[in-house]
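Residue numbers (our numbering): 174 to 678.
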Amino acid sequence: MELGGSYLTAKHRLQTNSRSIRRMSETVRTRFAPSPTGFLHVGTARTALYSYLFARRHGGQFVLRMEDTDTERNVADSAQAIVDGLRWLGLDWDEGYLKGGPHEPYVQTQRLDRYHAATNALVAHGDAYPCYCTQAELEQRRKAAEACGLPPGYDGHCRALTVEQVRAYEAEGRKPVVRFRLPDEGETVVEDLIRGTVRFDNATLTDFVILRANGIPTYHFSAVFDDVDMAITHVVRGEDLFPSTPRHVHVFRALGRPTPPAFAHLPLIVGADRRKLSKRRDRLSVQQFQTDGYLPEAMVNYLALLGWSLDDHTELFTLTDLERLFSLERVSRNPAAFDTKKLDALNGHYLRQLQPADFAARALPFVHAAGFPGAEPGLLAEAAPLVQERVTRLVEVPGMVGFLLDDEVELDQAAAAKVLTDEGRAFLAEAAKRLEEVEPWTAAAIEATLRGLQEERGLKPKTAFQPVRLAVTGRLVSPPLFESMELLGRARSLARVERAAGLPG
RNA sequence: GCCCCCAUCGUCUAGUGGCCUAGGACACCACCCUUUCAAGGUGGCGACGCGGAUUCGAACUCCGCUGGGGGCACCA
């Protein structure tokens with residue numbers, strides 16, 4: 174690209190670039206445009222969800238675009254991590270990154286030639302101009318302005334440079350940026366689907382950089398350019414971008430789209446401390462929730478509820494439900510605090526709803542990772558009904574089924590001291606004998622036998638059964654006892670009961 | 001400092017002038033069920049930030065205040 178003198182000579186107004194005129198098509202097109210600077214953040218994920226849902230609800234298209242113009246902050250593999258997160262949540266995109274489509278490429282650093290052509294045209298048209306101010310100069314003037322109580326924005330220093338001034342700067346070896354020229358007077362109106370009509374006084378808006386000295390555009394330009402180029406009809410994004418929207422409105426206009434897309438600025442998600450979610454304080458990445466044992470169904474449901482509601486009582490939604498019911502009109506305007514408790518409750522709900530085989534399949538990786546590489550899905554599926562209503566997250570499953578997987582269980586010492594009294598051990602000894610006779614080895618038969626013995630001895634159920642539970646599972650808290658014994662099998666159950674019976678009190 | 005947004009139980013929210021002595025969910029507490037832990041059931045605790053104005057009547061409208069959040073980069 175060329176900068177400098179060429180801008181000054183092209184004083185005539187260019188014909189509006191026909192490519193940038195793109196009527197709002199009837200089909201809704203939304204996009205999710207993350208920066209590959211890390212993992213998929215829960216706040217970002219919610220933005221993606223709402224954007225996706227809005228497109229689906231209206232039979233439109235959902236586009237995935239990578240905004241990697243801050244090359245300093247790009248993190249290797251993070252685009253893939255974001256994609257993985259979206260796929261895990263079940264948010265499929267119709268075109269874009271990794272999928273291609275009519276507006277390729279969908280990675281901004283691969284679109285530099287387009288941005289250059291467009292910024293050149295903007296300069297020629299008078300909507301933008303090269304600026305040679307150095308960072309140090311800007312900083313100095315900003316401070317001076319602030320000292321006088323003036324806004325810290327750009328002061329328009331390079332707005333009307335003479336040819337001589339430009340030559341002088343060029344001779345110094347300065348590399349210019351390109352700034353977008355904003356009106357000094359009047360007001361800019363932003364129409365927002367969630368916030369309504371907001372007016373900004375143009376006097377508070379200052380010229381901003383759209384092309385860096387290194388030839389890479391800034392977000393405020395590339396995002397707008399691509400939204401025009403990709404025929405995006407609805408921009409759904411976080412509220413943090415709301416104050417930048419008047420700038421964008423002007424760039425849309427300059428790019429030949431006098432009516433910008435519809436905007437929907439979502440309220441921010443804040444932490445339990447009501448402050449912006451922070452990588453340091455909060456668990457933020459969708460992947461982290463995945464490895465902590467949350468189900469995508471729960472995550473989607475929770476995120477949907479975090480700033481949106483259907484009515485005064487419906488709380489459970491599948492992604493498919495949401496694709497039918499979601500609406501931006503019902504998005505809340507106040508920032509929502511991320512509350513893990515509610516997520517936990519939803520996760521427990523969805524965990525309990527899973528078919529045993531499905532539950533087993535989802536829990537298996539967690540069981541394997543917890544030190545039971547030999548665990549079989551079949552056994553897990555059998556144990557599922559006992560475990561499902563007792564866990565909140567998948568990571569808790571191994572702890573619950575460990576006694577079925579370990580050849581030997583280690584008895585909780587404190588529990589043993591409490592429960593393996595003389596009375597308890599006597600019960601265990603007799604129980605072992607009777608258990609040998611139980612036929613068939615089913616929970617019902619085991620229960621009948623043990624309950625018979627307990628009543629015979631005049632013991633309270635607790636006094637009788639807690640020692641058995643400890644013997645069989647190693648703990649005083651476990652899945653239902655008789656069902657567990659059935660699953661464990663006669664041989665292992667008996668061995669454990671006998672062993673505990675013989676232990677010294 | 002300047003600009004913008006927001007304001008109902010601890011949290012997510014319903015509520016768009018009378019249906020509200022403000023509804024639901026999560027959390028919490030109690031009870032029931034029960035061999036443990038859960039799950040489930042029943043009940044309870046718990047909110048319209050403050051001050052004006054409009055109105056016969058304000059959670060709902062308007063103004064001010066207070067409080068919270070966001071933004072003012074060659075980050076997005």
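All residues carry an ideal CB built from backbone N, CA and C; glycine is no exception.
- Of the other Cβ atoms in all chains shown, fewer than 16 fall within 10 Å of the Cβ of Ser505; this residue is therefore exposed.
- Taking 8 Å as the cut-off, the Cβ atoms of Ala228 and Thr244 do not count as close.
- According to the DSSP assignment, Ile383 belongs to the beta strand (DSSP E) that extends over Phe381 to Leu384.
- For Tyr302, the enclosing beta strand (DSSP E) has its first and last residue at Ala301 to Cys304.
- Contact between the segment 422 to 431 and the segment 391 to 408 is present: three or more C-beta pairs spanning the two stretches fall below 8 Å.
- In the structure shown, the three-state DSSP call for Gln283 is helix.
- Ile442 is bridged by DSSP to Ala509.
- Annotation: the continuous beta strand (DSSP E) that includes Val351 extends over Val350 to Phe353.
- Here Pro356 is exposed, its C-beta having fewer than 16 other C-beta atoms within 10 Å.
- Pairing Phe212 with Gln586 gives a Cβ-Cβ distance that is not under 8 Å.
- Gln234: not part of any alpha helix (DSSP H); member of the beta strand (DSSP E) spanning Gln234 to Leu237, first to last residue.
- For Ser208, the closest alpha carbon among the candidates Ser224, His231 and Leu237 is that of Leu237.
- In the three-state reduction of the DSSP assignment, Asp328 falls in the coil class.
- Between Tyr467 and Arg566 a beta carbon distance of about 6 Å is seen, short of the 8 Å cut, so the two are scored as contacting.
- In the structure shown, Asp250 adopts coil according to DSSP, grouped into three states.
- In this structure the segment 592 to 609 touches the segment 638 to 658; the number of beta carbon pairs closer than 8 Å is three or more.
- Burial of Asp380 is indicated by the presence of at least 16 other C-beta atoms within 10 angstroms of its C-beta.
- When the five nearest sequence neighbours on each side are left out, the beta carbons in the same chain lying within less than 8 Å of the beta carbon of Leu479 are those of Arg219, Ile442, Ala509 and Phe511, in order along the chain.
- Linking Val409 to Ala437 through their CA atoms gives a straight-line distance of about 5 Å.
- Assigned with DSSP and collapsed to three states, Lys633 falls in coil, not helix or strand.
- Sorting Glu360, Ala471 and His486 by C-alpha distance to the C-alpha of Thr377 places Glu360 at the top.
- Per DSSP, reduced to three states, the secondary structure at His214 is strand.
- With a threshold of 16 other beta carbon atoms within 10 Å, Gly273 falls short and is exposed.
- Taking a cut-off of 8 Å on C-beta distances, the segment 650 to 663 touches the segment 608 to 621, as three or more cross pairs fall below it.
- The beta carbon of Cys306 sits closer than 7 Å to those of His330 and Cys331, all from its chain and outside the five residues before and after it, given in chain order.
- Pro652 and Met658 have their C-alpha atoms some 10 Å from each other.
- Around the beta carbon of Ala471, 16 or more other beta carbons lie within 10 angstroms, which makes this residue buried.
- Sequence-distant Cβ neighbours of Thr217 in its own chain, meaning closer than 7 Å and more than five residues away, are Pro207.
- Counting the other CB atoms within 10 Å of its CB gives Glu268 a total of 16 or more, which places it among the buried residues.
- In the structure shown, Trp261 falls within a helical segment according to DSSP collapsed to helix, strand and coil.
- Around the beta carbon of Gln234, a 10 Å sphere encloses 16 or more other beta carbons of the protein chains shown; the residue is thus reported as buried.
- A distance below 8 Å separates the beta carbons of Val540 and Ala548.
- DSSP places Glu337 outside any beta strand (DSSP E); the residue lies instead in the alpha helix (DSSP H), whose first and last residues are Val336 to Ala344.
- With respect to Leu519, Leu593 sits apart: the two C-beta atoms are not nearer than 8 Å.
- If you look at His541, you'll find it in the alpha helix (DSSP H) that goes Pro529 to Ala542.
- Check the Cα spacing between Leu649 and each of Asp413, Arg372 and Phe576: the tightest is with Phe576.
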